[in-house]
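Residue numbers (this note's numbering), protein chains in the order written: chain A, 50 to 385; chain B, 47 to 385. Even glycine gets a Cβ: it sits at the ideal position worked out from N, Cα and C. Let me begin by presenting the structure, written as structure tokens, before commenting on it.
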Amino acid sequence: MDITLADDTFAEKWNEIVAQSPHGTVFHRWEWLRLAEQQTASTLYSLIVTKNDEIKALYPFFVKRNPLLMAFSPAPRSLLLYLGPVIPGYETMKQSKKESTFSEIQETVDTYLCSDLGCKYIRIRTAPGLEDSRPMRWAGYDTEVLYTYRINLSDGPDAIWKRFDRKLRVDINRAIREGVSISEGTEEDIEYILSSLARRYGEQGENASDYSTYINALCHHGLSDNFRIFTAKYRDEPVGGMISPYSDRILYVWTGIPKSDLKGISPNDLVQWEAIKWACSQGMSWYEIMDAGANERLRFFKAKYNPELSIWYSCVKYSSEFYRFGEKCGRIIRGR
Amino acid sequence: MEIKCADREDKELWNRIVQNSPHGTIFHTWEWLHCIEAYTGSRLYPMMVFNGTEPVAVYPLYIRHFGPVKMAFSPPPRCLLLYLGPVFCGWDELKQEKRESLYIKIQKEIDTFIFSDIGCSYVRIRTAPGIYDSRPLKWSGYSVEPLYTYRLDTCRGIEVIQEGCDRKVRANVRKAQKEGLMIEDGTEQDIPFILESLKKRYEQQGFVASDYESYVRDLYEKFSPDHMHIYIATLNGMKLSGMITLTYNNVNYMWLGVPKNTRTNLSPNDLIQWEAINRTVLNGTRYYEELETGDDPRTVRFKSKFNPEIVVWFSATKYSGTAYQIADTLRQGISAHRL
Numbered sequence: 050m051d052i053t054l055a056d057d058t059f060a061e062k063w064n065e066i067v068a069q070s071p072h073g074t075v076f077h078r079w080e081w082l083r084l085a086e087q088q089t090a091s092t093l094y095s096l097i098v099t100k101n102d103e104i105k106a107l108y109p110f111f112v113k114r115n116p117l118l119m120a121f122s123p124a125p126r127s128l129l130l131y132l133g134p135v136i137p138g139y140e141t142m143k144q145s146k147k148e149s150t151f152s153e154i155q156e157t158v159d160t161y162l163c164s165d166l167g168c169k170y171i172r173i174r175t176a177p178g179l180e181d182s183r184p185m186r187w188a189g190y191d192t193e194v195l196y197t198y199r200i201n202l203s204d205g206p207d208a209i210w211k212r213f214d215r216k217l218r219v220d221i222n223r224a225i226r227e228g229v230s231i232s233e234g235t236e237e238d239i240e241y242i243l244s245s246l247a248r249r250y251g252e253q254g255e256n257a258s259d260y261s262t263y264i265n266a267l268c269h270h271g272l273s274d275n276f277r278i279f280t281a282k283y284r285d286e287p288v289g290g291m292i293s294p295y296s297d298r299i300l301y302v303w304t305g306i307p308k309s310d311l312k313g314i315s316p317n318d319l320v321q322w323e324a325i326k327w328a329c330s331q332g333m334s335w336y337e338i339m340d341a342g343a344n345e346r347l348r349f350f351k352a353k354y355n356p357e358l359s360i361w362y363s364c365v366k367y368s369s370e371f372y373r374f375g376e377k378c379g380r381i382i383r384g385r
Numbered sequence: 047m048e049i050k051c052a053d054r055e056d057k058e059l060w061n062r063i064v065q066n067s068p069h070g071t072i073f074h075t076w077e078w079l080h081c082i083e084a085y086t087g088s089r090l091y092p093m094m095v096f097n098g099t100e101p102v103a104v105y106p107l108y109i110r111h112f113g114p115v116k117m118a119f120s121p122p123p124r125c126l127l128l129y130l131g132p133v134f135c136g137w138d139e140l141k142q143e144k145r146e147s148l149y150i151k152i153q154k155e156i157d158t159f160i161f162s163d164i165g166c167s168y169v170r171i172r173t174a175p176g177i178y179d180s181r182p183l184k185w186s187g188y189s190v191e192p193l194y195t196y197r198l199d200t201c202r203g204i205e206v207i208q209e210g211c212d213r214k215v216r217a218n219v220r221k222a223q224k225e226g227l228m229i230e231d232g233t234e235q236d237i238p239f240i241l242e243s244l245k246k247r248y249e250q251q252g253f254v255a256s257d258y259e260s261y262v263r264d265l266y267e268k269f270s271p272d273h274m275h276i277y278i279a280t281l282n283g284m285k286l287s288g289m290i291t292l293t294y295n296n297v298n299y300m301w302l303g304v305p306k307n308t309r310t311n312l313s314p315n316d317l318i319q320w321e322a323i324n325r326t327v328l329n330g331t332r333y334y335e336e337l338e339t340g341d342d343p344r345t346v347r348f349k350s351k352f353n354p355e356i357v358v359w360f361s362a363t364k365y366s367g368t369a370y371q372i373a374d375t376l377r378q379g380i381s382a383h384r385l
């Protein structure tokens with residue numbers, strides 16, 4: 050297999066391949082990758098893997114010197130959980146073909162990153178839908194299993210409502226009764242959601258202003274047709290909301306849902322319910338409550354919608370066993 | 047939530063729970079668990095978990111002593127099992143949140159038993175396919191590794207399955223049939239032939255092969271003919287290959303098979319598998335499972351050519367303290383010549 054680098058002239062074709070692949074996501078879209086590159090001050094390497102001129106995979110990487118040269122897909126601090134390869138036609142391949150194709154792609158990409166570029170560390174987080182992590186393992190990666198939550202929208206809102214936790218249904222009904230209303234958000238609402246988040250990030254010791262420019266750029270310039278803002282208002286004041294990217298198939302609970310100060314009312318539960326209904330009305334297949342499954346505390350807030358689990362993987366490789374062993378011992382000592 | 051160690055009087059309830067759960071396997075049955083105990087010398091603790099008086103899970107554990115150190119396993123090493131772990135009652139009917147909280151609570155009880163009551167330093171749990179969620183183990187402090195087995199869904203029908211097989215498999219099967227290779231039902235007398243072939247293969251690969259004959263004979267006595275079947279491939283009366291399959295809970299498992307045969311240019315193993323797949327379809331069993339870990343790309347290639355689907359399962363390990371974990375990491379690092 051061979052590797053070429055995509056540039057902006059390839060953007061349309063790139064997006065078309067991403068849209069056609071069931072494990073291609075809105076986060077793989079060209080515009081998003083470019084903005085994530087700016088946000089993370091890294092260099093985007095949009096690899097096109099081909100065999101006899103046929104495209105076998107799109108594989109975006111963000112390369113950074115820190116102080117060793119490292120490759121990421123996605124980059125840290127880009128507000129992306131997963132990215133990884135998009136392999137056209139993967140889902141319809143026979144099992145042995147899936148294995149040999151993915152393995153060959155990974156081998157080609159690793160040679161490029163480690164031998165040609167000189168990367169010492171690679172971290173790849175593959176998207177849900179690529180259920181098989183063995184090609185990564187066979188290529189020498191340490192693989193960690195992670196989970197996101199997805200609600201299947203095929204049964205329609207009534208069936209989804211019945212499957213909710215009983216307390217959640219009560220909370221949603223109470224929010225409606227108390228007069229909370231949900232509408233499509235405007236630019237001002239984005240500001241409200243971002244400032245609420247900034248407060249929360251601040252409480253957690255992070256600087257959220259770093260993300261405001263990035264999120265604004267995504268919503269307004271890069272991908273305005275792939276975002277919907279949901280705002281909750283109570284007595285004409287904003288009390289909650291979320292910024293949701295979407296593709297033809299999936300609406301993502303991505304950022305927002307700041308903790309409400311209202312006593313006894315859960316505006317964000319209503320936000321989610323209205324978003325689910327909207328996604329159903331648009332003929333989407335899934336509503337994804339994005340998660341890594343790493344934090345037990347967030348479990349109940351997400352599981353009460355009775356979603357299904359979907360696996361994705363975080364895979365790490367070092368150019369030498371020396372780095373690998375050192376990192377492993379460090380992790381044990383840190384108690385992780 | 048309460049746990050207790052089941053005794054002989056609980057046998058029926060135990061087996062009913064295993065039988066009624068889609069992730070309950072033949073390996074979880076009371077009889078199989080006791081065969082393992084007798085063969086491996088590890089002490090079996092068949093743990094049952096109750097919510098009030100209602101059973102919510104069964105969780106077989108084996109405790110082994112290595113000098114002064116105690117270790118818990120489910121399943122123990124060297125008993126020809128890939129996975130075991132807990133069986134939950136009514137798992138598929140539970141809502142997501144309930145499943146998570148139930149699993150977390152059960153794991154907590156089990157861990158208290160393993161580490162505080164028994165005093166183990168290490169535990170390794172390998173959960174069965176069908177338990178898709180490994181987070182409760184991770185949240186309980188386990189290191190979790192995903193592994194994969196292969197299942198062929200027979201509801202596709204034999205023609206579609208045949209079309210899905212690699213072209214080479216179809217050609218191998220046709221050729222073997224044309225050359226007069228026969229697949230016959232085996233008997234207990236064929237067990238040594240199958241095990242001896244396996245042993246040779248392991249030794250060629252540099253592994254120490256255990257002697258499993260008494261164990262497999264014991265299992266054969268308990269599970270044949272309803273749940274265990276032996277296939278033998280012969281050519282002109284000479285045995286070329288063999289396989290032992292297990293049938294339970296809508297799954298037909300390819301459990302033990304003779305490795306690659308160099309005595310002939312025919313492919314007796316492809317024909318045996320094809321015969322077993324056909325029989326799985328005829329018997330109306332939903333899945334044909336080629337038991338697998340996904341660790342070794344060589345065995346994977348033999349198995350994936352029948353175009354099965356992958357099903358994930360998990361291997362989870364936990365140490366009672368950091369010292370053991372570091373020592374074990376060092377041991378693994380040195381034994382793999384990685385330093």
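Per-residue DSSP class, three states only, for residue i
i             : result
residue 89/B  : strand
residue 76/A  : helix
residue 284/A : coil
residue 126/B : coil
residue 50/B  : strand
residue 277/A : strand
residue 262/A : helix
residue 294/A : strand
Whole-angstrom C-beta distance between residue j and residue i, which should lie under 8 angstroms
i             : j             : result
residue 234/A : residue 279/A : 6 angstroms
residue 354/A : residue 151/A : No, residue 354/A and residue 151/A are not in contact; Cβ-Cβ is about 32 angstroms, not under 8 angstroms.
residue 197/A : residue 359/A : 5 angstroms
residue 118/A : residue 166/A : 7 angstroms
residue 195/B : residue 297/B : Contact flag wrong, Cβ pair sits at about 10 angstroms.
Cutoff 7 angstroms: residue i Cβ touching any chain A Cβ
i             : result
residue 383/B : The pLDDT assigned to residue 383/B is 42, lower than 50, so where the model puts this residue is not dependable, and the model offers no usable value.
residue 359/B : no
residue 213/B : no
residue 323/B : no
residue 181/B : yes
residue 362/B : no
residue 319/B : no
residue 141/B : yes
residue 175/B : no
Pick from the options that is closest to residue i, judged by C-alpha positions
i             : options                   : result
residue 341/A : 205/B, 184/B, 52/B        : 184/B
residue 100/B : 237/B, 60/B, 201/B        : 60/B
residue 122/B : 158/B, 155/B, 150/B, 80/B : 80/B
residue 55/B  : 69/B, 76/B, 72/B          : 76/B
residue 129/A : 367/A, 303/A, 320/A       : 303/A
residue 201/A : 337/A, 271/A, 117/A       : 337/A
residue 230/B : 247/B, 315/B, 294/B       : 315/B
residue 362/A : 193/A, 327/A, 284/A, 56/A : 193/A
residue 148/A : 344/B, 128/B, 74/B, 148/B : 344/B
residue 308/A : 273/A, 244/A, 97/A, 136/A : 244/A
residue 60/A  : 51/A, 71/A, 95/A          : 95/A
Chain B within 7 angstroms of residue i, Cβ atoms only
i             : result
residue 345/A : yes
residue 148/A : yes
residue 361/A : no
residue 194/A : yes
residue 355/A : yes
residue 369/A : no
residue 178/A : no
residue 342/A : yes
residue 174/A : no
Closer than 7 angstroms at the beta carbon, the chain C residues around residue i
i             : result
residue 351/B : The question asks about chain C, but that chain is absent: this structure's protein chains are A and B.
Curious, which full-length beta strand (DSSP E) runs of at least 3 residues does the stretch 286-361 of chain B contain? 297-303, 333-336
In chain order, what are the residue ranges of uninterrupted beta strand (DSSP E) at least 3 long that sit wholly in the stretch 138-194 of chain A? 170-175
Sequence ranges, beta strand (DSSP E) only - wholly within the stretch 202-234 of chain A, length at least 3: 230-233
Where in the stretch 325-369 of chain A do unbroken runs of the alpha helix (DSSP H), each at least 4 residues long, occur, reported from the N-terminal end onward? 348-352
Quick check for students: name the residue ranges of the beta strand (DSSP E) that lie wholly in the stretch 99-124 of chain B, counting only runs of 3 or more. 100-112, 115-120
Ordered list of alpha helix (DSSP H) runs contained in the stretch 190-278 of chain B, each at least 4 residues: 204-210, 213-224, 237-250, 259-269
Give the list of continuous beta strand (DSSP E) stretches no shorter than 3 residues that lie fully inside the stretch 80-149 of chain A. 92-100, 103-114, 118-122
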